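Sequential numbering of the sequence shown, starting at -1, is according to the working numbering.
Glycine included, C-beta positions come from ideal geometry on N, C-alpha and C.
Keep in mind the model is a prediction, meaning the values are calculated, not measured.
Inspection log for the structure reproduced underneath, given as structure tokens.
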Amino acid sequence: MADPTDAAGRAAPRRRLAVLGSPIAHSLSPALHAAAYRVLGLNWEYTAVQIGEGELDGFLDALTPEWLGLSLTMPLKHEVQPRLDDLDRVATLTGAVNTVRFGHAAAGEGDGTGAARRPFSGYNTDVPGLVRALAEAGMDRAAHVTLLGAGATAASALAAAAELGAETVDIIARTPSRADPLLDLGRKLGLVVTVSGLPTMAATDRVTDLVISTMPGDAALEHEFPATLRATTLLFDVGYAPWPTALAHSWAVAGGSALSGRTMLLHQAVVQIRIFLANDPFLPLPGEDAVLEAMRAVLPAATAPVDAAGGTAPGRAVEG
């Protein structure tokens, strides 16, 4: 799909997009988006820009008309919200915005300086990205979910659990009081949510269909999950660099399967590009299967999980 042309057949101006955050140099998003734009024939440029806490307003104020949208990482997923004109349902529920699309300035609107004001729309694509990644792995329903962590990503994971038909979600957090907003979100989602600190007393009799970890990759929590559970229950770990994480390693040692956060990154990026192209997270891209495979091809190759002796084992932990 080529960029639109004007009445004289001239190519549309180059559009600019970026992922913002701090730190951001490690981001795989520029490579993913560039691969998609090549397949779609779009004259778009997507870069990574280091923007720390308190610096977002200045960046937004300096945007020029060729800017189409942004991807946001922490600490900006909350900081951007006062600048937004509207939020999608998922962003409203979770309180986390990772995608912003800039609209066209309406006639007669301005910021008081004579400059036209463009509306900003905010979205959360982490939730559909997680749901799509799990569906690709064959997990389209999980009645009982265990969620590790209580930060911003945990809210998206909780909403994804609801999309998977969860009835109960057990949250394990280092600081249980941080999970209070998740209890409120769980009630809105119709979930039965419990919260416990570390270590919990339920390790020996824990029953769960899916474990989602939003904790740092070096968190060693295998004592919370008996080897029999690790061998039979899927782990989705949002971490992906380095891979495997400590928790994914423990799953591999027990003979279980772990899914890397790269698969979530991949699928949330597809939904972002839907938004950037058509302002619709539900409208598939032209030739979306080909776009997805081109994006998957630029992700770093999967790293085989290490076995109990510290060597590599045939890949049971999955990297997208």
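TODO: Given a cut-off of 9 Å, decide if VAL209 and THR231 are closer than it, judged by their beta-carbon atoms.
DONE: For the purposes of this step, residue 231 is taken as residue 233 along the sequence shown, with counting starting at 1. For the purposes of this step, residue 209 is taken as residue 211 along the sequence shown, with counting starting at 1. Against a cut-off of 9 Å, the Cβ pair of VAL209 and THR231 comes out as a contact.
Task: The alpha helix (DSSP H) enclosing ARG260, as first and last residue numbers - done: Along the sequence shown, read from residue 1 onward, the residue named residue 260 stands at position 262. Boundaries of the alpha helix (DSSP H) harbouring ARG260: 259 to 276, taken from the DSSP string.
Task: Environment of HIS221 [buried if 16+ CB atoms lie within 10 Å] - done: Against the sequence shown, residue 221 aligns to sequence position 223. The residue is exposed, with fewer than 16 neighbouring Cβ atoms inside 10 Å.
Task: Under the three-state DSSP convention, the category PHE223 falls into - done: The residue given as residue 223 occupies position 225 in the sequence shown. Judged by DSSP in its simplified three-state form, PHE223 adopts coil rather than helix or strand.
Open item on the list: Let me check understanding here. Comparing Cα to Cα, which of PHE274, PRO63 and ALA288 lies closest to VAL98?
Closed with: Working through the sequence shown from its first residue, we reach residue 98 at position 100. Ranking PHE274, PRO63 and ALA288 by CA distance to the CA of VAL98 puts PHE274 first.
Open item on the list: Cutting at 6 Å between CB atoms, please list the residues of its own chain near ARG172, excluding the five before and the five after it.
Closed with: Working through the sequence shown from its first residue, we reach residue 172 at position 174. Result list for ARG172: LEU196, in chain order.
TODO: Determine the closest residue to LEU319 out of GLY52, ALA246, ALA133 and ASN96, with distance taken between C-alpha atoms.
DONE: Outside the displayed span of the chain (-1 to 318) sits residue 319, for which this structure offers no information.
Task: Three-state class that DSSP yields for PHE100 in the structure shown - done: As a first step, residue 100 must be located in the sequence shown, where it is residue number 102. Note: PHE100 maps to strand in three-state DSSP.
Open item on the list: To test your reading of the DSSP string, which unbroken beta strand (DSSP E) runs of 3 or more residues are found completely within the segment 65 to 99?
Closed with: As far as the segment 65 to 99 is concerned, its whole beta strand (DSSP E) runs of at least 3 residues are 65 to 70.
Open item on the list: Does GLN48 pass the burial test, meaning 16 or more other C-beta atoms within 10 Å, or should it be called exposed?
Closed with: For this step, residue 48 is matched to residue 50 along the sequence shown. So GLN48 ends up on the exposed side.
Task: Cβ shell of LEU82 (< 8 Å), same chain only, five flanking positions each side left out - done: What you label residue 82 is simply residue 84 of the sequence shown in a count that begins at 1. The beta carbon of LEU82 sits closer than 8 Å to the beta carbons of VAL95, VAL98, PHE118, SER119 and GLY120 from its chain, once the five residues preceding and following it are set aside; these are given in chain order.
TODO: Could you tell me the distance, in whole angstroms, from the CA atom of GLU64 to the CA atom of ASP216?
DONE: If you number the sequence shown from 1, residue 64 lands on position 66. If you number the sequence shown from 1, residue 216 lands on position 218. If you take the alpha carbons of GLU64 and ASP216, they lie about 40 Å apart.
Open item on the list: Excluding the 5 residues flanking PHE57 on each side, which residues of the same chain have their C-beta closer than 6 Å to its C-beta?
Closed with: Locating residue 57 in the sequence shown gives position 59, counting from the first residue. Correct list, in chain order: ILE49.
Task: At least 3 beta-carbon pairs within less than 8 Å: the segment 68 to 77 vs the segment 11 to 18 - done: The segment 68 to 77 is in contact with the segment 11 to 18.
Open item on the list: Please state whether the Cβ-Cβ distance between LEU187 and ALA157 is less than 9 Å.
Closed with: Against the sequence shown, residue 187 aligns to sequence position 189. Against the sequence shown, residue 157 aligns to sequence position 159. Between LEU187 and ALA157, the C-beta gap is smaller than 9 Å, which places the two residues in contact.
- [ ] Kindly list the residues whose CB is nearer than 6 Å to the CB of PRO240, restricted to its own chain and excluding five residues on each side of it in sequence; keep chain order.
- [x] One-based indexing of the sequence shown puts residue 240 at position 242. Scanning its chain for C-beta atoms nearer than 6 Å, with the 5 sequence neighbours on each side dropped, one finds no residue around PRO240.
- [ ] Return the Cβ separation of LEU54 and GLU77 in integer angstroms, given the expectation that the two are a contact with Cβ distance under 8 Å.
- [x] As a working note, residue 54 is residue 56 in the sequence shown. As a working note, residue 77 is residue 79 in the sequence shown. About 5 Å separates the CB atoms of LEU54 and GLU77; that is less than 8 Å, so the two are in contact.
TODO: Would you give the residue range spanned by the beta strand (DSSP E) that TYR44 belongs to?
DONE: For this step, residue 44 is matched to residue 46 along the sequence shown. Run containing TYR44: 42 to 48, per the beta strand (DSSP E) assignment.
Task: C-beta contact flag for TYR238 and SER258 at 9 Å - done: As a working note, residue 238 is residue 240 in the sequence shown. As a working note, residue 258 is residue 260 in the sequence shown. Going by C-beta atoms, TYR238 is nearer than 9 Å to SER258.
Task: Neighbour-count burial assignment, ALA295, 16 or more Cβ in a 10 Å radius - done: Taking the sequence shown and counting its residues from 1, one reaches residue 295 at position 297. With fewer than 16 other Cβ atoms from the protein chains shown falling within 10 Å of its own Cβ, ALA295 counts as exposed.
TODO: Identify whether HIS247 lies in helix, strand or coil by the three-state DSSP scheme.
DONE: By one-based count along the sequence shown, residue 247 stands at place 249. HIS247 falls in the helix class under three-state DSSP.
Open item on the list: Based on DSSP bridge pairs, tell me the residues matched to SER211.
Closed with: Walking along the sequence shown from the start, residue 211 turns up at place 213. Listed as beta-bridge partners of SER211 by DSSP are LEU146 and ASP235.
Task: Three-state class that DSSP yields for ARG130 in the structure shown - done: Position 132 of the sequence shown, counted from the first residue, corresponds to residue 130. In the displayed model, ARG130 falls within a helix according to three-state DSSP.
Task: Endpoints, alpha helix (DSSP H) assigned at LEU281 - done: Taking the first residue of the sequence shown as position 1, residue 281 is located at position 283. Looking at the DSSP string, LEU281 is not in any alpha helix (DSSP H), and its letter there is neither H nor E.
Open item on the list: Can you find the residues in the same chain that come closer than 6 Å, C-beta to C-beta, to LEU181, ignoring five residues on each side of it along the sequence?
Closed with: As a working note, residue 181 is residue 183 in the sequence shown. Closer than 6 Å at Cβ, skipping near neighbours: VAL191.
Open item on the list: Which residue wins for smallest C-alpha separation from VAL178, given the options ALA164, VAL193, GLU165 and VAL167?
Closed with: Position 180 of the sequence shown, counted from the start, is the residue given in the question as residue 178. It is Asp, not Val, that sits at residue 178 in the sequence shown. Nearest option by C-alpha distance: VAL193.
Task: Nearest-angstrom beta carbon gap, LEU297 and LEU26 [assumed within contact, 8 Å] - done: Mapped onto the sequence shown, residue 26 falls at position 28. Mapped onto the sequence shown, residue 297 falls at position 299. Yes, they are in contact, since the Cβ atoms of LEU26 and LEU297 sit about 6 Å apart, within 8 Å.
Task: Exposure label - ARG185; buried when at least 16 CB within 10 Å - done: For the purposes of this step, residue 185 is taken as residue 187 along the sequence shown, with counting starting at 1. By the neighbour-count rule (16 or more Cβ atoms within 10 Å), ARG185 is not buried but exposed.
- [ ] With DSSP as the reference, please indicate the residues paired to VAL190 in a beta bridge.
- [x] Counting from 1 along the sequence shown, the entry for residue 190 is found at position 192. For VAL190, which the question treats as bridged, DSSP gives the partners THR166.
- [ ] Go ahead and pull the three-state DSSP assignment for ARG36.
- [x] Here residue 36 refers to the residue found at position 38 when the sequence shown is read from its first residue. ARG36: helix per DSSP, three-state reduction.
Task: Cβ-Cβ distance between THR31 and GLU134 below 9 Å - done: Here residue 31 refers to the residue found at position 33 of the sequence shown. Here residue 134 refers to the residue found at position 136 of the sequence shown. For the record, residue 31 in the displayed sequence is His; it is not Thr. No.
- [ ] Give the DSSP bridge partners of GLY120, in chain order.
- [x] Here the question's residue 120 lines up with position 122 in the sequence shown. DSSP output for GLY120 lists LEU85 and VAL98 as bridge partner(s).
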